[in-house]
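Q: Here it is, the structure in full.
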Amino acid sequence: MIHYHGTPISGGTQAQMALKGRHIMVSFATASQAEMLIELCSTFTLDNGAYSVWKSGAEFDLDGYAQFVERWCRHPAFDWAVMPDVIDGDENDNAVMRARWFNAVDETVWNRSIPVWHMHEPVDVLRDMVNAFDRIALGSSGQFALVGAPEWWTRMYEAMDVICDDQRRPKVRVHGLRMLDPSIFSTLPLASADSTNVARNAGIDKRWTGPYAPATPASRAAVLIERIEAHASASVLPERQAHRNFELFG
C-alpha cells in the first residue's frame, strides 16, 4: 500500500526533509509548504481540506480548490485529488458537491479525482461509487467519526461487504482517510491511507520523553515514518472481528 503523510509538518526544515522520497498528502487548507514538499516527495495527492473546514465552521472555497488542483494536476508526481465533500452532510449534500465539482473542472481533473463515501451515509451510496469509479475514499463521520472504535469497526465491515468480492478482495482501489495507523490499515485491504500523525507530532517536545527519546524533530519524524511504513495493508479482508492481519506473519 501507499502511505501518504499529511502536511504541513512541524519542526522546521530538517523535519520536512524526512519526507524526501516519501508519499505525501497536501491539504488545500494548509498548503504553505506545498511547493517545497512536492519537489521533495516521491508522489503526492491533494486533499480538499474539508476536515479543517468542518472543524472550524468555515465555508468551503470550491473554486479556489479547483484552481489549486488544476495548478498541480499535471505535475509528474501527482497521483490524484480528493473531490470536495461535506463531512457532516447527508448523501444529498455530497451528491450536490460532486456535481458542482464536475461542473467546475475540466476532464483531466475530473478523471483524476476520487469521491468520498462517508460512513454515516447509506451503503447504497457506496455501492453506486464502487460501480462508477475505480478508486474511492472512505471517510469516518457522524457516529462513526472515531477511527477504530467498536462501532466504527462494525460499520467498516458493512462497507467492506459492499467493496469486496466473494473472495474478500476489493473490487476498486480504496483509500482510507485518517487511517494511517498500522492497527487499522493492516487489517483492511486498502490501496492507500493517510494521516497527519508525523506532521503533528514530530515537533511537539512533550510527546517525546525518557532517556531514549529522539532529540530533534527530524529524528522524531524519521522514527514515526519508519514505524508506520514498516507495515502493509491486508491483501484481502480478514474474517470479521479478527482485527489483525495474521497473513503478515505467514
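Reading the sequence shown from the start, the letters are residues 0 to 249 in numbering that gives the first Met the number 0.
Ideal placement from N, C-alpha and C gives every residue a C-beta, glycine not left out.
A quick note: this is a predicted structure, and the numbers were derived from the prediction, not measured.
Keeping to the same chain, check which residues put their C-beta closer than 8 Å to that of Leu187; ignore five residues upstream and five downstream.
A: So the list reads Met155, Met159, Val173, Gly175, Met178, Ser232, Ala233 and Leu236, once near-sequence residues are dropped.
Q: Per DSSP, what kind of secondary structure is Ser232 in: helix, strand or coil?
A: If DSSP states are grouped into helix, strand and coil, Ser232 belongs with coil.
Q: With three or more beta-carbon pairs closer than 8 Å as the criterion, would you say the segment 5-13 touches the segment 58-73?
A: With a cut-off of 8 Å, the segment 58-73 and the segment 5-13 do not count as touching, because too few Cβ pairs lie within range.
Q: Could you check which residue in Ser31, Ile162, Trp109 and Leu45 has the C-alpha nearest to that of Asn130?
A: With distances taken between Cα atoms, Asn130 lies closest to Ile162.
Q: With 16 other CB atoms within 10 Å as the buried threshold, where does Asp46 fall?
A: Per the 10 Å Cβ criterion, buried.
Q: Look at the Cβ atom of Leu36, then the Cβ atom of Phe43, and state whether they are nearer than 9 Å.
A: Yes, the Cβ-Cβ distance between Leu36 and Phe43 is below 9 Å.
Q: At the level of alpha carbons, what is the spacing between Asp87 and Gly141?
A: Near 6 Å, if we compare the C-alpha coordinates of Gly141 and Asp87.
Q: For Ala80, which residues does DSSP report across the bridge?
A: DSSP output for Ala80 lists Leu45 and Ser112 as bridge partner(s).
Q: Could you check what DSSP says for Ser9 in three-state terms: helix, strand or coil?
A: It is coil, neither helix nor strand.
Q: Just reading off the alpha helix (DSSP H) that Ile86 is part of, what are its end residues?
A: It is not in any alpha helix (DSSP H) - Ile86 carries neither H nor E in the DSSP assignment.
Q: Got a sec, what are the start and stop residues for the alpha helix (DSSP H) Ser182 sits in?
A: Here the alpha helix (DSSP H) through Ser182 covers Pro181 to Phe184.
Q: Can you tell me whether DSSP reads Gly63 as helix, strand or coil?
A: Helix, per DSSP.
Q: Determine the closest residue to Asn196 out of Glu225, Ala80, Trp53 and Lys54, with distance taken between C-alpha atoms.
A: Measuring from the Cα of Asn196, the nearest candidate turns out to be Glu225.
Q: Going by DSSP, name the residue or residues bridged to Met24.
A: DSSP output for Met24 lists Gly5 and Thr44 as bridge partner(s).
Q: Grab me the residues of Asp111's own chain with a C-beta within less than 7 Å of its C-beta, minus the 5 sequence neighbours each way, in chain order.
A: Going by the sequence as given, residue 111 is Arg instead of Asp. For Arg111, where only same-chain residues beyond five positions count, the Cβ hits under 7 Å are Cys72, Trp79 and Ala80.
Q: Under DSSP, the beta strand (DSSP E) around Val161 begins and ends at which residues?
A: Segment Pro149 to Ile162 is the alpha helix (DSSP H) holding Val161; no beta strand (DSSP E) there.
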